[in-house]
Amino acid sequence: MNFERFIALRISKKEKDANKANTRPMVRLTIIGIAISLSVMLLSVSIMRGFKKEVRKHAYNLSGQITIYPYGTEPGNTTQFIKAGKDFLHAINNVDGVSRVSPAVRQVGVIKTDSAYNSTLLLGIDSTFDTRFYEKNLRSGNIDELFTSLEGTNPLLLPKVTAEKLKLKTGEKIRIYFIGENIKVRSFTIVGIYESGTKADQSTALCPITTLQKINNWQPDNFSQLMIWGETEADNREISDRIVTSLQSNQQLLGSQRLGINTAEEIYPVIFGWLNMLDGNVALLMALMVLVAGFTMITGLIILLLDNTILIGTLKALGSTNKSIRKVFQNLSAILIIKGLFWGNATALVICFLQSYFNIVKLNPEAYLMDVVPISINIFQWIAINLGALFLILLMTWGPTRIISRINPSETMRFE
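Residue numbers in the sequence shown follow the UniProt record's numbering, run continuously in steps of one, and reach 416 at the last position.
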């Protein structure tokens with residue numbers, strides 16, 4: 001152990017003594033201030049990461065990360081179709097970065113009961129569709145019945161808003177009217193009710209894809225759109241370009257049909273643009289917290305310097321240089337900062353754990369698209385924040401240690 005670190009540790013231990021009651025509260029406040037600042041930073045990035053993750057899930061749930069649809073129509077149209085056989089789907093599945101392709105059929109219908117009616121968008125899906133979002137938000141029934149019910153029963157998963165408006169419950173049969181050249185009526189059985197915060201989800205009901213194909217007189221390989229998910233969320237544009245290249249090199253799969261392809265970011269630019277703006281807000285908050293922690297550390301360090309002027313004078317009298325003594329107090333600052341970082345991490349971890357498992361803080365789903373504050377921890381992000389905070393706060397303490405050069409050994413020794 002070198003000289004500067006040894007002296008810093010001795011000063012740190014000395015501050016715990018009862019005889020140092022004049023500086024001990026300030027040292028504690030310094031550690032608490034750093035801990036609070038760090039915990040706010042860690043909680044901010046964890047909450048924001050969780051929030052962005054949940055909002056993306058909502059967007060991807062409606063269109064996939066990438067959508068292929070008939071060219072010249074809006075993604076998710078209900079009138080034209082794509083012809084995509086097994087070879088077509090297999091070609092897309094083989095594109096590098098693609099994890100899953102789910103065909104879907106969209107159809108607008110009107111649910112009518114004896115006393116009320118409500119327009120809804122039916123999304124026809126098959127077993128390749130990721131239903132985890134709906135399972136998480138299921139309030140009654142069994143979503144598996146969408147794929148296991150007997151043919152002809154027409155199972156339906158209904159949003160809670162629609163169910164409450166029409167006073168419907170799981171197990172009841174309803175009639176849905178489909179408006180086109182001819183009005184078609186089909187009977188459906190409600191197999192489940194789910195609740196979601198987004199307006200789009202509140203008007204979307206799920207049913208088997210074959211049901212809507214039969215209503216439209218479509219073949220089994222006719223779909224409104226193909227919903228594509230990638231292995232990661234970071235390279236949607238790259239995957240989209242690879243899909244286009246793959247299909248262009250297999251022109252026989254396309255035939256004469258013209259298709260459009262969009263990423264979720266292109267379909268919902270407002271949502272994803274808003275999410276990108278939130279990154280700036282978090283960065284600003286983190287910068288403010290670093291400043292708060294830095295100035296808290298500076299205040300505590302100045303008090304420690306003034307309280308240890310006799311020690312500084314003694315060290316100078318014994319031959320220590322200003323540079324060496326400054327290293328002593330920089331080491332002392334590092335000790336206090338590390339203590340603050342430890343308690344800040346501990347506090348943030350406890351809060352994240354409680355929120356993740358007990359959902360203590362609730363949200364209004366109509367305003368925030370979710371009913372609880374989401375948490376998503378990235379360990380590498382936490383490590384980077386800790387290292388960055390340690391470096392920046394230490395850097396801010398470099399200036400105050402220059403006070404040491406102004407302390408005169410003869411004056412301090414005289415007062416001893």
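Beta carbons are placed, not taken as given, at the ideal position from N, Cα and C, and that holds for glycine.
Within the segment 105-129, the runs of beta strand (DSSP E) that reach at least 3 residues and sit entirely inside it are, in chain order, 117-125. Here DSSP, grouped into helix, strand and coil, assigns residue 234 to coil. For residue 36, the enclosing alpha helix (DSSP H) covers residues 24-63.
Only residues of its own chain outside the window of five on either side were considered, and among them 143 have a CB closer than 6 Å to the CB of residue 131, listed in chain order. In the three-state reduction of the DSSP assignment, residue 134 falls in the helix class. Counting only unbroken stretches of 4 or more residues, the alpha helix (DSSP H) elements lying wholly within the UniProt domain "ABC3 transporter permease C-terminal" (284-409) are 309-317, 322-358, 365-368, 379-396, in sequence order.
Annotation: residue 175 to residue 358 spans about 40 Å, alpha carbon to alpha carbon.
In this model, residue 184 and residue 215 are separated by some 8 Å (Cα to Cα). For residue 91, the enclosing alpha helix (DSSP H) covers residues 86-93. Counting along the chain, no alpha helix (DSSP H) covers residue 169, and no H or E run does either. In this structure, the beta-carbon distance from residue 173 to residue 189 falls below 9 Å. Excluding the 5 residues flanking it on each side, residue 218 has same chain C-beta neighbours closer than 7 Å at 81, in chain order. For residue 63, the closest alpha carbon among the candidates 53, 265, 177, 246 is that of 265. In the three-state scheme derived from DSSP, where H, G and I count as helix and E and B as strand, residue 262 is classed as strand.
In the structure shown, the three-state DSSP call for residue 273 is helix. Here residue 162 carries a helix assignment [DSSP, helix/strand/coil]. Here residue 73 carries a coil assignment [DSSP, helix/strand/coil]. Note on geometry: alpha-carbon atoms of residue 91 and residue 170 lie some 39 Å from one another. Residue 65 is classed as buried because its beta carbon has at least 16 other beta carbons within 10 Å across all chains shown. Taking the Cβ atoms as the reference, residue 126 lies roughly 7 Å from residue 103, within the contact range of under 8 Å. Counting every other CB atom within 10 Å of its CB across the protein chains shown gives residue 272 a total of 16 or more, marking it as buried. Scanning 48, 26, 163, 239 for the CA closest to the CA of residue 285 turns up 48.
The beta-carbon separation of residue 374 and residue 51, rounded to 5 Å, stays under the 8 Å limit for a contact.
Burial is judged here by how many other beta carbons sit within 10 angstroms of a residue's own beta carbon; residue 224 has at least 16 and is buried.
Here residue 281 carries a helix assignment [DSSP, helix/strand/coil]. In this structure, the straight-line span from the alpha carbon of residue 84 to that of residue 356 is close to 41 Å.
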